[in-house]
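One structure below.
Residue numbers (UniProt numbering): 1 to 464.
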């Protein structure tokens, strides 16, 4: 019975121009016909409307109408039995929303023109992202010394001849020994003839000059001109058979160097020392002195390209000497005095770099000198306390060490100032009265490593 009523109602409702009537079967729900209630279903079923959440996915309005017509035909059976619990009003309301065309006055609304979806435009494929090439790791330089700047070579290319800079560095290291020897010298050069003076303390001073031509067997020969002065003071200490003179000395010495084939150098020494001298009434004497020095060395030369190169360093020096002798007097105021002297000296070196980049290491210089001499002279008494004593001295000087090491750019050079030389000196010592005495000398020396064409010194002593 419900099916017949529903068929009658839906048939008249779905007929063209038929008014909507609700089905007579109470409780029939739109869901049972396959429709999901939705407020927009009415809009969806308008002819030409697009699907919008259709009651059966994929079906258009015409397909749904055709299905309903079959269903409401006489004798047909609905696909889903109506729900008897759903009220007629609810059933009608649902169908009204689902099947009613839009209630509008005037001409029917044209279905919206649906623009076909434009096919998606093929976007040009972005070129593949190519990562930037990885930078190769920085190449590690080979473990070799850095290239030296131009001009700091040790040898002239293709030879074993030292460059001007290396030659000056090696020669400068040998100059300190010459300064020391000029400062040391014998007692007579420092204090004159103490036997002519009264037993008293005093003050004294002396000036000296010397030229040295030096061949150290490594650098080219160089010439050093030395000048300096010393001041001293002592006190006299009488003893049973003689006297002691104990005092202190201070001085300054400068050496100017001229290198073979160009270049000059300069040495300055400031020194202080202490001495003790013993004079025996029987003619024996002994003199000892200790000095410490502060020496500055410098040179300047032009390299192979004509550029001025400079180098400079400072070092300390220490040395001591001991001199022994005995005077034998002959008739007629003549005398002869054999002498023995031993002197030792060490000059400190340094590491430094010349202005053109040449690396220099001076390991220092050592000296061990022995001197054996004969001093011959005669006294002339001029009265009133005045005495003149000319003399001559002949000596053999032997250098037992005289070695040093200089490195230029890590190349080692062994300098040698060993060997012997002969020294010949003439001089005069005079007593000018009760207090003053004057002395001076000239000396010439010739040796295998050093030649000294001239050495002058002059001094004055004043006794209290």
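Where a beta carbon is used, it is the ideal one built from N, C-alpha and C, also for glycine. Because the structure is a prediction, the values reported are computed rather than measured.
Range covered by the alpha helix (DSSP H) that runs through residue i
i, result
"residue 180", "164-184"
"residue 217", "First-last for residue 217: undefined, no H or E at that position."
"residue 449", "Where residue 449 is concerned, there is no enclosing alpha helix (DSSP H), given that its DSSP letter is neither H nor E."
"residue 190", "187-191"
Span of the beta strand (DSSP E) around residue i
i, result
"residue 358", "Run containing residue 358: none; DSSP gives neither H nor E here."
"residue 291", "284-302"
"residue 305", "That residue, residue 305, is in no beta strand (DSSP E); it is neither H nor E in DSSP."
"residue 161", "Where residue 161 is concerned, there is no enclosing beta strand (DSSP E), given that its DSSP letter is neither H nor E."
"residue 346", "334-347"
"residue 413", "411-416"
"residue 434", "Neither: residue 434 is in no beta strand (DSSP E) and is coded neither H nor E."
"residue 380", "380-383"
"residue 155", "It is not in any beta strand (DSSP E) - residue 155 carries neither H nor E in the DSSP assignment."
"residue 390", "386-399"
"residue 266", "264-280"
"residue 242", "242-259"
"residue 407", "403-408"
is_contact[residue i, chain D] using C-beta, thresh 8 Å
i, result
"residue 245", "Chain labels in this structure do not include chain D; a single protein chain is all it has."
Counted within 10 angstroms of its Cβ, other Cβ atoms place residue i as buried (16 or more) or exposed
i, result
"residue 180", "buried"
"residue 164", "buried"
"residue 415", "buried"
"residue 329", "exposed"
"residue 454", "exposed"
"residue 204", "buried"
"residue 287", "buried"
"residue 411", "exposed"
"residue 166", "buried"
"residue 380", "exposed"
"residue 239", "exposed"
"residue 452", "buried"
"residue 162", "buried"
"residue 261", "exposed"
"residue 340", "exposed"
"residue 351", "exposed"
"residue 303", "buried"
"residue 433", "exposed"
"residue 51", "Per-residue confidence for residue 51 stands at a pLDDT of 43, beneath the threshold of 50, marking its modelled position as unreliable; the derived number appears in the next sentence. By the neighbour-count rule (16 or more Cβ atoms within 10 Å), residue 51 is not buried but exposed."
Residue i versus residue j: straight-line alpha-carbon distance, rounded
i, j, result
"residue 213", "residue 281", "40 Å"
"residue 283", "residue 324", "11 Å"
"residue 371", "residue 419", "12 Å"
"residue 450", "residue 384", "44 Å"
"residue 431", "residue 446", "32 Å"
"residue 273", "residue 293", "9 Å"
"residue 399", "residue 195", "30 Å"
"residue 269", "residue 306", "30 Å"
"residue 375", "residue 397", "14 Å"
"residue 176", "residue 267", "8 Å"
"residue 404", "residue 363", "7 Å"
"residue 206", "residue 460", "6 Å"
"residue 149", "residue 258", "The pLDDT assigned to residue 149 is 44, lower than 50, so where the model puts this residue is not dependable; a value taken from the coordinates is nonetheless given after this. For residue 149 and residue 258, the distance between alpha carbons rounds to 26 Å."
"residue 276", "residue 408", "42 Å"
"residue 429", "residue 197", "11 Å"
"residue 231", "residue 439", "15 Å"
"residue 337", "residue 278", "15 Å"
"residue 422", "residue 394", "8 Å"
"residue 353", "residue 319", "27 Å"
"residue 216", "residue 458", "30 Å"
"residue 246", "residue 448", "37 Å"
"residue 187", "residue 297", "28 Å"
Nearest-angstrom beta carbon gap, residue j and residue i [assumed within contact, 8 Å]
i, j, result
"residue 248", "residue 233", "6 Å"
"residue 456", "residue 208", "7 Å"
"residue 183", "residue 291", "7 Å"
"residue 299", "residue 263", "6 Å"
"residue 189", "residue 437", "Actually they do not touch by this definition, with Cβ atoms about 13 Å apart."
"residue 200", "residue 463", "5 Å"
"residue 289", "residue 253", "Rounded, the Cβ-Cβ distance is 15 Å, inconsistent with contact."
"residue 317", "residue 295", "6 Å"
"residue 382", "residue 402", "In fact, because the Cβ distance is near 44 Å, the residues do not count as touching under 8 Å."
Inspect the CB distances between the segment 166-177 and the segment 217-232 and report whether three or more fall short of 8 Å. Remark: three or more beta-carbon pairs, one from each stretch, lie closer than 8 Å, so the segment 166-177 and the segment 217-232 are flagged as touching.
Any contact between the segment 350-363 and the segment 305-319? By contact I mean 3 or more CB pairs, one from each, below 8 Å. Segments in contact, yes.
Hey, is the segment 361-368 in contact with the segment 343-352, meaning 3+ C-beta pairs nearer than 8 Å? Enough Cβ pairs lie closer than 8 Å, so yes.
Quick test of the definition: if touching needs 3 or more C-beta pairs under 8 Å, does the segment 331-340 touch the segment 376-392? The segment 331-340 vs the segment 376-392: in contact.
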